[in-house]
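Sequential numbering of the sequence shown, starting at 32, is according to the working numbering. Notes to accompany the following structure.
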Amino acid sequence: MINLFRITAFLEGVSYILLLFIAVPIKYLLDDPTYVKILGMPHGVLFIAYIFFSISGKYKFNWNTKDFIIICLASLIPFGTFYVDKKYLNQEA
32 MINLFRITAF LEGVSYILLL FIAVPIKYLL DDPTYVKILG MPHGVLFIAY IFFSISGKYK
92 FNWNTKDFII ICLASLIPFG TFYVDKKYLN QEA
């Protein structure tokens, strides 16, 4: 499970960065929503999977409430999932 969570965290982080820093500027600066449409759905699915794995991990790895909240909130911050992988998921692997 931890390896699947790490892969999901990585892909969610990459999709979020691509969405925020490439697709959204192209949408508003060049008036082309194509990339947002292409990246939006996969990012949404990865986000849901990340939260699912976070909830599962809380119980499997006995994360305290503070760590669980940090892990969940990291999905809302650019590059946050990479921090989670290094600090929390790498230790469990």
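Glycine included, C-beta positions come from ideal geometry on N, C-alpha and C.
S106 is not a Cβ neighbour of S87, given a cutoff of 9 Å.
For the 9 Å CB-CB criterion, F110 and G44 form a contact.
Restricting attention to L42, K91, V67, the CA atom closest to the CA of F52 is found in V67. Nearest to S46 by C-alpha distance, out of D62, M72, I57, is M72.
DSSP places S46 in the uninterrupted alpha helix (DSSP H) bounded by 33–49. Each residue's CA atom was taken as its position, placing V55 and T112 some 20 Å apart.
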